[in-house]
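Just so we're on the same page, the working numbering is the position in the sequence shown counted from 1, plus 5. Just so you know, even glycine gets a beta-carbon here, dropped at the ideal spot from N, CA and C.
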Amino acid sequence: MKKLIFIFALLFAFACKKNNAANNDLTDYDWSLSTATVTPAIVINGKAETNYRIVQSGCIGAEVKFTFLNNGTYRVFAGGPACDYWNSAEQTYSRTGNEISLKNGSTTSILTLVNNELRNMTTLQINNITYTVDYVYIRKAK
């Protein structure tokens, strides 16, 4: 009987660990910008470009990452050869299911957690053309 209780205890322990891993806790990782794809393509020097990191040669072309803290705040870091290194002041976020709302002053941005990636789509207008940028952030160990 003791062996049976021990086996059930082990199975229960492993089951709990599996559930915790499935939660994809935002605070366990840093979230680095992997891709930024713009559609339709933007023409630069006669070449159509869909990589918005190339189009936007400033800080977005460098390293960009989010760090979420347990106290409901987040920071954004950017750095690299194209820009000065900077850390944003802590801002607040909230999470409902797979939707993360980022508050920055009076504006709110929505990120969606999909298959261990954070995704955000934004639109912008250049010369009366509407472009959509799909930002994808991948999780990395802290």
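- Boundaries of the beta strand (DSSP E) harbouring Leu123: Glu122 to Ile131, taken from the DSSP string.
- Remark: fewer than three beta-carbon pairs, one from each stretch, lie closer than 8 Å, so the stretch 50 to 64 and the stretch 94 to 101 are not flagged as touching.
- Per DSSP, the beta bridge partners of Ser106 are Ser99 and Ile115.
- In the structure shown, Leu31 adopts helical secondary structure according to DSSP, grouped into three states.
- Each residue's CA atom was taken as its position, placing Leu129 and Leu118 some 22 Å apart.
- Taking a 10 Å sphere around the C-beta of Leu38, we find 16 or more other C-beta atoms and assign the residue as buried.
- With contacts defined as CB atoms closer than 8 Å, Trp36 and Phe82 fail to qualify as a contacting pair.
- Taking all protein chains in view, the Cβ of Ile47 is crowded by 16 or more other Cβ atoms within 10 Å, so the residue is classified as buried.
- For Ala53, the enclosing beta strand (DSSP E) stretches over residues Lys52 to Asn56.
- Measuring C-alpha to C-alpha distances from Asn50 to each of Ile59, Thr40, Asn75 and Glu95 identifies Ile59 as the nearest.
- By the neighbour-count definition (other C-beta atoms within 10 Å, threshold 16), Leu116 is a buried residue.
- In the DSSP assignment, Leu38 forms a beta bridge with Tyr142.
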